[in-house]
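Asks: Quick one: this structure, given as structure tokens, is what I'll be asking you about.
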Amino acid sequence: MAPFTGIGVSHQWVYSLIWDDKARGGDLWRHLRQPKRRSRHRAHAKSAGLGKVPKRVGIEHRPSAIEKRLTIGHWEGDTVLYGHKQTGIVTLVERRSGYLLAARLPSEFAVHEAVAKAVSASVYFCDPYCSGQRGTNENTNDLIRQYFPKGTDFRKVTNAELRSVVNKLIDRPRKRLGYRTPA
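For the sequence shown, this note's numbering assigns the number 12 to the initial residue and increments by one for each residue that follows.
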């Protein structure tokens, strides 16, 4: 195959064109996986005291080998919440394989130290509103939102429904895995 020699464009530029098209009455935005504008800058999040977790270790202290996905056993986790953090699900994605675990959760990671101790693992936190620091998990949460859109009351989601969605995502081919599935 011949190498691409055309003009390179950024994904931000493509999204900018899509949102400009919407402003002019177009419908390109309807074909996006998540047809909502997502770019929000939260300049004062750190200074406002958001994301304060006791004994938190920042993701910048995570060993660089984890970033390269060379070994199995490094997980990214997050919560997908309903309402004002009333309830939700916790998602854990293994960085190399893409394998997904999800479970109901009554509150956000308030017990991270106990979990880390129980499984003999280190826990690293990304900065508030910097979800790109754990992109694998953020992408997975976006995929979960295809099945459980914002506003879904997770108290009404059965374990069987959650398990079904997790299985669908595990069986979904991934580009970074050479279009193989995590399963």
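Backbone N, C-alpha and C fix where the C-beta goes; we use that ideal spot for every residue, glycine too.
Using DSSP's beta-bridge definition, name the partner residues of valine 101.
Replies: DSSP lists Thr90, Ala114 as partners of valine 101.
Asks: I'd like to know whether the C-beta atoms of histidine 72 and arginine 106 end up nearer to each other than 8 Å.
Replies: In this structure, arginine 106 does not lie closer than 8 Å to histidine 72 by Cβ.
Asks: From the DSSP secondary-structure annotation, give me the bridge partner or partners of glycine 69.
Replies: According to DSSP, glycine 69 bridges with Phe136.
Asks: With 8 Å set as the bound, which would you pick, yes or no: does the beta-carbon of alanine 129 sit closer than that to a beta-carbon of chain D?
Replies: The structure shown has no chain D; it contains just one protein chain.
Asks: Using the Cα positions of phenylalanine 136 and serine 142, report the straight-line distance between them to the nearest angstrom.
Replies: Cα-Cα distance, rounded: 10 Å.
Asks: Can you tell me which of the three DSSP states arginine 191 falls into?
Replies: Looking at arginine 191 - three-state DSSP - the assignment turns out to be strand.
Asks: For the segment 178-188 against the segment 138-155, do three or more pairs of beta-carbon atoms, one drawn from each stretch, fall closer than 8 Å, so that the two count as touching?
Replies: Yes, the segment 178-188 is in contact with the segment 138-155.
Asks: Quick one: what does DSSP say arginine 185 is sitting in, helix, strand or coil?
Replies: Residue state, collapsed to three classes: strand.
Asks: Can you name, in chain order, every residue of its own chain whose Cβ lies under 6 Å from the Cβ of leucine 39, other than the five neighbours on each side?
Replies: Here the set comprises Ile29, Asp32.
Asks: Can you tell me the Cα-Cα spacing of leucine 103 and glycine 36, whole angstroms?
Replies: Their Cα atoms are separated by approximately 39 Å.
Asks: Ordered along the chain, which non-local residues of its own chain (more than five positions away) have a Cβ less than 7 Å from that of arginine 80?
Replies: Around arginine 80: Arg106, Arg107.
Asks: Roughly how many whole angstroms lie between the Cα atoms of glycine 162 and lysine 66?
Replies: Glycine 162 and lysine 66: Cα-Cα distance of roughly 31 Å.
Asks: For arginine 185 versus glycine 109, is the C-beta spacing smaller than 8 Å?
Replies: For arginine 185 and glycine 109, yes; Cβs fall inside 8 Å.
Asks: Rounded to whole angstroms, what's the CA-CA distance from alanine 59 to arginine 191? Just pull it up for me.
Replies: Bear in mind that a pLDDT of 48 at alanine 59, under 50, signals an unreliable position, so the number given afterwards is only what the model happens to contain. Using only the alpha carbons, I get a separation of about 43 Å.
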